[in-house]
Structures are given as C-alpha cells and as structure tokens.
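Engineer: Sharing a structure with you now.
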Amino acid sequence: MNKRSDRGSDPLRDKLIGLGERSVRKTYYPELQRRLSDLERFRVLLDAVSDAILLVDIASNRIIDLNKAACRLIGRCKPEAVRISLRDALPGETADAWGEHLSAGGEAGLPTEERFQMSMRASDGHIVPLEINLSLHYFESKRYAVAVVRDITDRKKAEDELKQAKEAAESASRTKSEFLANISHEIRTPMNGIIGMVELALLTASDVQTREYLGFIKQSGLALLNIINDILDFSKIEAGRLQLDLREFDPRHMVETTLRPLSYMAKEKDLPLRWSIDPDVPERLAGDQGRIRQVLTNVVGNAIKFTERGSVVVRVDRTEPEGLAGGESVQLLFSIRDTGIGIPADKQEKIFESFSQVGTSAHMKYGGAGLGLSISRQLVEMMGGRIWVESDPGKGSTFHFTVRLSRAAGQAVGKRVQALEKAPEASEPLSILLVEDNLINQLLAQSLLEQRGHEVVVASNGREALEKLGGRHFDCIFMDVRMPEMSGEEATGIIRSGAVKGVDPRIPIIALTAYALEGDKERLIAAGMDDYISKPIDMQELARVLSWVAQKVKKSAE
C-alpha cells in the first residue's frame, strides 16, 4: 500500500488492475499504443538534440536516463550508463564540481536552475569546454536533476580569436598613437624654433625687404604646421578619439577674431573679405568654438586661396529647422561665397573625401594635403550639422555649413571666456625656471620671457631643474616633458611629493611641450602640472599663463 502511494496515482494503471487480458486489449490497447508512440517520438527528439541531456537522481547520484549525445560525452552506451553513479561516469574533478551544484540545489529544498561553465576530459582524452544548464525537478516524490550540457569548443575558439584580434587591433592602435605622438613631438619641436625665431627677428628687423622675407618664412612654417595638424586631426577622427570641448562663448567675437587675421591674407591678394552676422544670432552660445574656428578658417582660407580677383563674403545666420524652433538649441548657418575658380558638378561631393582636390593642376598650383574639407565635414557632423557647396565653374563657389549649439545659461561664463582670450600681461616681473633640453627652444623661450621683463634661469633636464630649485626661489616653472636623464613628468612628481628641500610643492608648473595630441593636456595635468602650452608657442596663451602666475604670486604675498 505504501509502495503504491510512493509511486503516485495513475488512473490508467488503476483501471487495469483486476481486468482480464481480453478486456485490456479491447478497451485500453489503443491508449497504450498512443502513449508508447508518444514516448518513442520523445526519445527520437532527445536523441536528435546535439546537446547532452542527463536525468540524475539526486539522492543516489545515479544516472536515470540520458540521450545519445550524453552517451558520446561520457563514452558509455545507455544500458551501461544507467547502471552507474555520476561519479563513475565522469572524471573526478568534473564529478566533484557537478556534485557541489547538485548538493546545493538539493539542500535548498526548492526547484532551482543554474548555468555554469567548466572543462571536462572527454573519453578520448581531450579537454572539452562545457556550458551546463542544471535544473532541479520533483516527480514521483523524488528530487531529480536535468543537466543540459553543451560543447562550447567552437564558441570558445571564436571568443579566443576575437580576443586575439581585439588585442592585436589595440596593439596596432597603441603603436599608431605612439608613432603620431612621436612624429608630432619631433616636428613641432623644430617648428617651434623656426616660427619663434622668426617672430623674434621680426621684432628687431627694420629693413622692409628683410621683414618681407621673414614674413614668407613664417607663412611657410605656419602652412606646414597646418598640414601637420590636419593629419593629426584626421588620425584622431579616424580612430574615434576626437572629442568636442563644449564651453560658452560669444559667437560674434569668435567670428571677428577668426576672420580678422584672414583678412590680412586676403589683402595681400587685393581681395576684400567682408562678413556679417544676423541680429537674431544670440550673444552667448555653448559649443566647441575652437572646432567652429577650425572649419571656418579652413573654408574661408580655401576661398581666399582659390580666388584671384573679386571678393570673399561670409555671412552667419540663425536658421531653425522645422519643428525645432524655440528649443534648447540653436542652429547657425555659415555661408562663404567667393568669386574663384569654381568646382565642376562631378567634383562637388568628391572634395569632401580624404586626400581629394578639384584636380592635379589645382594641387600643383595651390598646394595642400586635401584633408581640410574632409576634416571639416566630420567636425560639422560631430556638431550636429552638415556641409555642402554650390558652385559654377569659372564664376565662384558658395560653401555652406550648419552647426547646432546650446543656448548659454547666462552671461557670466561668456564674459569669463572672453576675459581669458584677452588676458593681460603679468604686471610684475617673475622669477622663472625654464626647463628645456633643446638649445634653440631654450633661446626662444628665454627671449620671449625676458622681453616681457621676467628673470629666467635655464635647466637642461629634470635632474638639473631639481638641483637649481634647491638653490633659490622661483615663482613658477616652465617644464618641457621629454628630456634626457629625467623627464618633466618625473621631475614634477618629485616636486609635488615635497622631496625637494626648501621648495613649496605647490609651486606653479606649466608644461611647455611639443606633445599636442588629444589627451596629452589631461595626462600632464594628471601628472601634477598646473597648465599647458603646446609648441609652437602661442603668444596669447603665454600671456594668459603669465598673468595667472602673477595673480597667484600676488595673492600668496597678501
């Protein structure tokens, strides 16, 4: 009686008890046939599955049933497998791992499901990575585990190949980044000397012809620097590492300060450069004004370069796409019209591709790397806009580009940005330690600082800088980064640690370096430097930093 109760109730079985064979055949044979047919179909389905499936009695740890895939996995036929325990069917470590999961599920006292991965030595000796889905079930008053085991050898192989490909790509990207950083540094270092020395020579040269020659050298140096910057920008965009620097600014001031220097270039060709701004353009907007300057400079510079007679006209309008008016953002439309050589219709899309120009003859006559408009298009698209051209060969072109900018939160930030752009010179002379290993750049930086009335002491590397810091007081340090014996970053770390006796570890340290790639400034600030000036030295940036140091010195003396 108890035995029957343990086995559970089956209506069909209960009705069969006490009936004769003839009655059974007549009444219940069709039902038996249907059940057997269902069992056979179920067995066919199980054996057709590529995953190994095992049914295990948790209490005895014995295999109750399994499909053909499971037989292949453990290397035993079904009649043999169903007579042995899980420990006898699987290698020791594998059986132990399975046992832990089965015990945990059994002790919980509730049906559970768990998925885990492990490796197993197959019957032929090779190691097979497995993914096991283990579920606990109750029937016939017993606890059973159903294990669905999948061979994930192919998946693991694909994952390993993907990981290796990712590591190879990352290694190639690091190599490329290091190469670009080195190239940028090695080119900018002599360019700083060339352009800087020309600036100094222009300050002292009085002969008109000499000044004209020096002007040509400066223009050529700046043109080469622009090509270098284009290549570096193109590489950063290509790698997806270029980020926008979103700040509040005055769009009218930005246009004015961008186009004013270009007007002198136009004047040399007797071309009037005129510009106007729609009164509806807000006084303050937020966006990356540096990248807008870059696009505007490139397009207007091209217009001047490719125009021999006539004029170049720039207009900035506020245009709101349908459905976006009155929102938190503002769209500006920049239109640059020239009377230059024009662009054939079949070239008007091609010129926005990398390393593309109107034609070979144009390249020979006007020069350039063919990257400017490609970079401009990608920058404009990053700022939520687009760029296009309308042109009539022989009559001129009109380039248009749009950018979406945010409305400024208020006036205060805009005034602060403008104040930074017009930073005054330091009123009081400063005592400055200049740490620079390149002789020409030493002479240049020392001259620029001494012309402004500051006292300069020169050190050729980080180690020498630490020695000279211990001997006297300095208001600030201009620190090169890559130097022999001890780098600028290492020397900065030592100073910030307080290890240099008699030196305030908070002394202002300004990076003066040819490292100018995306992330270089952030890396140097994180290394303990207070500010950053890239080479070639920008005079406004130099004035801004000197003014900040003078204010800091004055405040500390109060």
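Residue numbers (the numbering used here): 84 to 641. All C-beta atoms, glycine included, are put in the ideal place defined by N, C-alpha and C.
Could you tell me if Y615 is buried or exposed, where buried requires 16 or more neighbouring beta carbons within 10 angstroms of its beta carbon?
Structural biologist: buried
Engineer: Rank G425, V463 and Q200 by C-alpha distance to the C-alpha of T390 and give the top, closest one.
Structural biologist: G425
Engineer: Name the two residues that bound the continuous beta strand (DSSP E) containing C154.
Structural biologist: Looking at the DSSP string, C154 is not in any beta strand (DSSP E); the run it does join, the alpha helix (DSSP H), is K151 to I157.
Engineer: Which word fits G585, buried or exposed, when buried means at least 16 other C-beta atoms lie within 10 angstroms of its C-beta?
Structural biologist: The residue in question, G585, is exposed, as its Cβ has fewer than 16 Cβ neighbours within 10 Å.
Engineer: Between the beta-carbon of P427 and the beta-carbon of P476, is there less than 8 Å?
Structural biologist: P427 is a Cβ neighbour of P476, given a cutoff of 8 Å.
Engineer: Considering only the beta carbon of each residue, do I235 and L263 sit closer than 8 Å?
Structural biologist: Against a cut-off of 8 Å, the Cβ pair of L263 and I235 comes out as no contact.
Engineer: State the Cα-Cα distance for the pair K635 and I560, rounded to the nearest angstrom.
Structural biologist: 13 Å
Engineer: Could you check where the alpha helix (DSSP H) with V632 kicks off and where it finishes?
Structural biologist: M622 to A640
Engineer: With a 10 Å radius around its C-beta and 16 neighbouring C-beta atoms as the bar for buried, classify G537 as buried or exposed.
Structural biologist: Here the sequence assigns His to residue 537, which means Gly is not the residue at that position. When all chains shown are included, H537 counts as buried.
Engineer: Using C-beta distances below 7 Å, list every residue in its chain close to V378, excluding the 5 sequence neighbours before and after it, in chain order.
Structural biologist: S459, L462, V463 and F484
Engineer: In whole angstroms, what is the alpha-carbon distance linking V211 and E573?
Structural biologist: 50 Å
Engineer: How many angstroms separate the CA atom of S218 from the CA atom of L137?
Structural biologist: L137 has its alpha-carbon roughly 11 Å from the corresponding atom of S218.
Engineer: Restricting to Cα atoms, I'd like to know which of M348, R159 and K604 is closest to L384.
Structural biologist: Residue identity differs from the one stated: residue 384 is Gly in this sequence, not Leu. Per the Cα distances, M348.
Engineer: Taking the alpha-carbon positions, what's the A597 to L245 distance?
Structural biologist: Between the alpha carbons of A597 and L245 lies a gap of roughly 37 Å.
Engineer: Determine the burial state of K388: buried for a count of at least 16 other Cβ atoms within 10 Å of its Cβ, exposed for fewer.
Structural biologist: buried
Engineer: Tell me the residue span of the alpha helix (DSSP H) that contains A609.
Structural biologist: D603 to A609
Engineer: If I follow the unbroken beta strand (DSSP E) through Y227, where does it start and stop?
Structural biologist: K225 to D234
Engineer: Report all residues from its chain with a CB closer than 6 Å to the CB of A284; omit the five preceding and five following residues, and keep chain order.
Structural biologist: L297
Engineer: When we look at the beta-carbon of R490 and count the other beta-carbons within 10 Å, is it buried (16 or more) or exposed?
Structural biologist: exposed
Engineer: Mapping the DSSP letters down to three states, classify P212 as helix, strand or coil.
Structural biologist: strand
Engineer: Per DSSP, which one or two residues make a beta bridge with S202?
Structural biologist: P212
Engineer: In chain order, which continuous runs of the beta strand (DSSP E) of length 3 or greater are located wholly inside the segment 538-586?
Structural biologist: 538-542 and 559-562
Engineer: For W471, which residues from the same chain have a beta carbon less than 7 Å from its beta carbon, with the 5 sequence-adjacent residues on both sides left out?
Structural biologist: H483
Engineer: Pop quiz: L625 and L531 are said to be a contact at Cβ under 8 Å. What is the actual Cβ separation, rounded to whole angstroms?
Structural biologist: 7 Å
Engineer: With a 10 Å radius around its C-beta and 16 neighbouring C-beta atoms as the bar for buried, classify F332 as buried or exposed.
Structural biologist: buried
Engineer: What's the gap between the Cα of V397 and the Cα of V338?
Structural biologist: 10 Å
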